[in-house]
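**Q** Structure in structure tokens, see below.
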Amino acid sequence: MSKYTKSALILLLFSFFIFSSCTKEPECLEGTVRFTNISSNPYLLYINGEFEMDMNSNSFVEIELPEGKHTAEVIQKSGYLIFPTVVEGDLNVFGCKESQMIFP
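The sequence shown lines up with residues -23 to -1, 1 to 81 when you count with mature numbering (1 follows the signal peptide of the UniProt record, and there is no 0).
Okay, structure coming up:
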């Protein structure tokens, strides 16, 4: 084997090992939504029509949601006189991005 052939073979093998060890990171398919309750009253949090959790007064929670359009609704749990405060909104979630919903 000539010196040129050996060098080319070594370079080819080295390149193969370098590129074969690289793996592509999976796409980020979820985003983070921060729900912030700035009220002195607790609220019930619903995402896409399903109950998610009770939120204490003056608190926040971060929830991972898949990319896409979602709906959120918060309903005042206590501290109201006649009717609870209800806040509804659409959430557009993008992968690896953060968004927020502040209520009431």
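Built from N, CA and C at the ideal position, the CB exists for glycine as well. The model shown is predicted, which means the values in this text are computed figures rather than measured ones.
In whole angstroms, give me the CA-to-CA distance for residue 77 and residue 62.
**A** The residue labelled residue 77 in the question sits at position 100 within the sequence shown. The residue labelled residue 62 in the question sits at position 85 within the sequence shown. Using only the alpha carbons, I get a separation of about 19 Å.
**Q** Given a threshold of 16 other Cβ atoms within 10 Å of its Cβ, counted over all protein chains shown, does residue 71 qualify as buried or as exposed?
**A** The sequence position of residue 71 within the sequence shown is 94, counting from 1. That one is exposed.
**Q** For residue 44 versus residue 75, is the C-beta spacing smaller than 8 Å?
**A** Stepping through the sequence shown from its first residue, residue 44 is reached at position 67. Stepping through the sequence shown from its first residue, residue 75 is reached at position 98. No; because the gap between Cβ atoms is not below 8 Å, this pair is not in contact.
**Q** Would you call residue 20 buried or exposed, if buried means 16 or more other Cβ atoms sit within 10 Å of its Cβ?
**A** One-based indexing of the sequence shown puts residue 20 at position 43. Classification of residue 20: buried, given that the 10 Å Cβ count is 16 or more.
**Q** Does DSSP classify residue 18 as helix, strand or coil?
**A** Translated into positions along the sequence shown, residue 18 becomes position 41. Coil, per DSSP.
**Q** Quick check on this structure: which residue in 26, 58, 55 has the alpha carbon closest to the alpha carbon of residue 46?
**A** Numbered from 1 along the sequence shown, position 69 holds the residue referred to as residue 46. For residue 46, the nearest C-alpha among the options comes from 26.
**Q** Near residue 57, which residues of its chain fall below 8 Å by C-beta distance, leaving aside the five closest residues on each side in sequence?
**A** Locating residue 57 in the sequence shown gives position 80, counting from the first residue. Leaving aside the five residues that flank residue 57 on each side, the residues in its chain whose CB is nearer than 8 Å to its CB run, in chain order, 18.
**Q** In the DSSP assignment, find the beta strand (DSSP E) that holds residue 69 and state where it starts and stops.
**A** Taking the sequence shown and counting its residues from 1, the one referred to as residue 69 is at position 92. Looking at the DSSP string, the run of the beta strand (DSSP E) that includes residue 69 is 63 to 70.
**Q** Within 10 Å of its beta-carbon, does residue 30 have 16 or more other beta-carbons around it, so buried, or fewer, so exposed?
**A** Here residue 30 refers to the residue found at position 53 when the sequence shown is read from its first residue. By the neighbour-count rule (16 or more Cβ atoms within 10 Å), residue 30 is not buried but exposed.
**Q** At what residues does the beta strand (DSSP E) containing residue 56 begin and finish?
**A** What you label residue 56 is simply residue 79 of the sequence shown in a count that begins at 1. No beta strand (DSSP E) holds residue 56; DSSP gives it neither H nor E.
**Q** Once DSSP output is grouped into helix, strand and coil, what is the label at residue 45?
**A** Numbered from 1 along the sequence shown, position 68 holds the residue referred to as residue 45. Residue 45: strand per DSSP, three-state reduction.
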